[in-house]
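To start, the structure itself, in structure tokens.
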């Protein structure tokens with residue numbers, strides 16, 4: 002496969018063997034020999050950024066592979082693996098399909114090879130993302146986790162009788178990937194190692210991120226995303242490289258364009274700042290910095306410094322990244338490749354190669370070789386390819402990629418000196434991809450980035466180890482506190498019994514990790530609410546600005562609401578928090594606070610705005626388990642709040658006077674909330690009548706004063722419907738669905754204050770006249786809805802009360 006390093010016999014590719022006088026390989030001495038212990042393992046991934054090695058020769062058919070284990074260790078580990086898998090091995094059947102991961106598929110089950118002719122059935126472990134051994138008789142898989150060996154041929158247990166097979170960095174990487182919602186199984190082992198290496202994430206950083214529950218480094222997050230994108234583009238099957246480059250850039254541009262206002266503010270100053278970096282910087286900002294960005298043009302100096310660091314680090318990362326991605330053409334990557342070629346043993350140092358931009362006398366992008374050498378080749382970069390000139394001679398070939406251009410310049414003798422007597426430009430690419438990536442400082446030198454003063458270097462190092470380059474700010478709760486005190490800090494109203502239950506049910510396996518996540522969630526909620534309550538927008542149009550007293554009052558109102566919201570989060574584990582209700586009047590203006598916290602324990606939410614201009618925003622996204630939602634005069638100018646669609650158990654939805662106008666998509670989504678028993682949308686200029694036929698449990702439907710010009714379709718399918726209120730609309734034609742309702746159904750239909758045509762009135766009257774003796778349907782077209790015989794307040798679920806209420 003293109004791009005993979007050679008697996009068989011590459012003399013000196015990884016490490017020059019230590020040979021004795023007789024030509025045999027020496028046995029390691031006492032200081033370097035590895036003891037025959039089952040605890041000694043061979044790394045699954047290459048070391049992060051190892052020291053450069055010298056390549057003396059290359060032969061595609063021959064290689065010496067250096068193992069970190071001796072034969073005795075191999076025997077111990079093999080015996081342990083044999084015993085662990087003894088109950089899971091089966092003989093390989095015929096006619097099986099092998100996928101790109103080296104996994105066999107037979108009758109929709111997955112199998113991996115553990116020895117010649119022997120397979121083990123596997124399923125994906127939900128916690129680790131790795132494969133776990135199982136057999137067809139098991140309901141719950143009980144076998145060990147499995148990982149492939151270095152050659153990808155056989156799979157072996159992750160842990161077996163105390164022997165840890167992969168090294169710690171692979172386990173840590175798997176854990177971090179899982180926490181990011183991904184799995185290392187998505188990529189070959191070499192790709193995972195490359196992603197860690199190019200993003201500058203070493204073992205100590207991995208361990209630190211996991212131990213302290215810090216966010217994933219944004220450089221790693223962005224690199225993984227781009228590796229995934231490359232996989233997607235390659236899977237689409239385009240043959241021409243430039244088509245893949247264009248497709249990758251198209252998808253990348255779409256990702257970068259979909260950014261929020263905070264990223265846009267930073268991009269006004271730094272247009273090339275990646276979205277992932279901007280999001281990490283925003284998460285790391287203090288409240289004062291966020292307020293400055295909202296209230297003043299430009300960005301604070303501290304934020305500008307972080308953006309400059311992010312741009313520099315991103316460029317270094319993507320230079321290394323481009324070596325391994327087949328759908329990316331990055332000039333920085335080609336410059337790095339050229340210098341890696343010059344470091345190969347046997348490279349013709351007397352040959353001068355220059356990369357110039359667009360023309361023979363264009364800007365020099367990179368050079369290798371003696372500047373005074375008579376042998377001089379110029380590679381002219383044109384868009385994503387190169388043309389070659391020899392000491393001023395016009396190009397003899399068309400546009401090529403860098404490896405093809407370099408390969409065409411090498412004579413047979415030079416190729417032989419490099420150990421590449423056979424192969425082509427892909428062989429050259431494989432050799433480069435198999436080399437250790439140069440250090441980030443070396444990459445910086447190759448790209449000719451400005452030399453940083455010591456203070457700036459210290460800033461980057463500090464950022465790398467205190468949160469920014471990790472992806473966000475770090476919170477450090479007092480880890481020395483007793484567990485019980487930390488729980489009470491989270492939930493002040495919790496009882497002793499609930500503390501014991503929480504420890505017993507939630508803290509059995511990863512007490513520190515669980516508490517850290519909860520403390521972080523509460524800390525983030527406090528920070529978000531603090532920013533929101535300080536960011537008081539300008540008063541409604543027509544007013545010049547806030548007076549001192551009015552501004553203080555707005556902040557006080559926001560402070561009170563923030564305290565209530567925080568208290569609601571901290572009640573989630575109290576004894577009576579099973580069906581928590583939250584209700585509040587809203588006297589401040591502008592949007593409700595956006596929050597990343599989740600309030601799963603809240604089932605009832607009632608909000609009524611007593612000032613104009615209150616908007617719901619993304620507030621409802623934090624309440625996925627609502628059964629009852631009541632909003633009055635809380636504006637939905639931007640359409641139906643998407644958070645409502647996530648409320649799987651919603652029964653009562655009341656949105657009264659919320660300035661709601663439904664799009665076709667909103668109406669379709671609303672029609673699919675099948676759990677509703679009551680829907681009230683009075684006073685909203687809906688524009689579109691939602692289909693209600695899927696709401697089979699609907700009992701009361703209030704759509705009065707909503708600007709509808711027709712009766713909603715599907716009403717005849719609502720067998721439990723008791724009340725259909727359509728008063729004060731623009732309905733002229735009664736349609737057909739209304740008359741499909743059985744006249745024996747006990748339902749009240751209110752069509753008062755609609756401009757019904759004479760034909761419609763005649764049809765309604767005819768329908769009622771022809772009703773059966775046991776008819777219970779009532780249709781009102783002229784009389785008052787509320788009278789002595791029929792009062793809306795008789796409905797317990799209607800939300801309509803009497804004057805005394």
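Residue numbers (this note's numbering): 2 to 806. All C-beta atoms, glycine included, are put in the ideal place defined by N, C-alpha and C. It should be emphasised that the depicted structure is a prediction, and the values quoted were computed from it without experimental measurement.
When DSSP labels each residue in this structure, what does residue i get in the three-state scheme?
i, result
"residue 497", "helix"
"residue 798", "For residue 798, the predicted model reports a pLDDT of 43, less than 50, meaning its position is unreliable; a value from the coordinates is still stated below. It is coil, neither helix nor strand."
"residue 529", "helix"
"residue 296", "helix"
"residue 158", "strand"
"residue 362", "coil"
"residue 276", "helix"
"residue 381", "strand"
"residue 519", "helix"
"residue 314", "helix"
"residue 724", "strand"
"residue 112", "strand"
"residue 340", "helix"
"residue 188", "coil"
"residue 638", "coil"
"residue 28", "Legend: pLDDT at residue 28 = 40, less than 50; position of this residue unreliable, value from coordinates given subsequently. Of the three classes helix, strand and coil, the one that applies to residue 28 here is coil, per DSSP."
"residue 831", "In the structure as shown, the chain starts at 2 and stops at 806, and residue 831 therefore has no counterpart that could be examined."
"residue 389", "strand"
Straight-line CA distance for residue i to residue j?
i, j, result
"residue 184", "residue 126", "10 angstroms"
"residue 1", "residue 336", "Residue 1 is absent from the structure shown; the chain starts at 2 and stops at 806."
"residue 249", "residue 328", "6 angstroms"
"residue 388", "residue 599", "57 angstroms"
"residue 710", "residue 757", "10 angstroms"
"residue 138", "residue 189", "30 angstroms"
"residue 526", "residue 623", "11 angstroms"
"residue 742", "residue 640", "31 angstroms"
"residue 531", "residue 552", "16 angstroms"
"residue 694", "residue 237", "41 angstroms"
"residue 601", "residue 626", "6 angstroms"
"residue 88", "residue 171", "26 angstroms"
"residue 712", "residue 646", "23 angstroms"
"residue 514", "residue 507", "11 angstroms"
"residue 771", "residue 669", "35 angstroms"
"residue 348", "residue 373", "17 angstroms"
"residue 149", "residue 220", "27 angstroms"
"residue 410", "residue 353", "11 angstroms"
"residue 362", "residue 445", "25 angstroms"
"residue 630", "residue 605", "6 angstroms"
"residue 291", "residue 556", "17 angstroms"
"residue 658", "residue 614", "12 angstroms"
"residue 536", "residue 778", "54 angstroms"
Using a 10 Å radius around the Cβ and a threshold of 16 neighbouring Cβ atoms, would you call residue i buried or exposed?
i, result
"residue 330", "buried"
"residue 570", "buried"
"residue 751", "buried"
"residue 283", "buried"
"residue 774", "exposed"
"residue 371", "exposed"
"residue 92", "exposed"
"residue 496", "exposed"
Figure out for me which residue from the options has the closest Cα to the Cα of residue i.
i, options, result
"residue 655", "116, 179, 685", "685"
"residue 281", "295, 223, 540", "223"
"residue 702", "627, 708, 724, 688", "724"
"residue 528", "595, 144, 583, 504", "595"
"residue 181", "215, 562, 738, 319", "215"
"residue 490", "90, 568, 739", "568"
"residue 443", "400, 381, 333, 497", "333"
"residue 691", "700, 698, 666", "666"
"residue 830", "688, 759, 105, 653", "Because residue 830 is not part of the residues shown, which for the chain are 2 to 806, the question remains open."
"residue 811", "606, 635, 611, 610", "The shown model of the chain, from 2 to 806, leaves out residue 811, and the question about it has no answer."
"residue 341", "316, 782, 769, 368", "368"
"residue 86", "105, 156, 229", "156"
"residue 664", "683, 658, 642", "642"
"residue 729", "755, 721, 637", "755"
"residue 776", "746, 766, 765, 288", "746"
Quiz item: Which full runs of the alpha helix (DSSP H) of 4+ residues lie inside the region 393-429, going along the chain?
Solution: 403-410, 413-418
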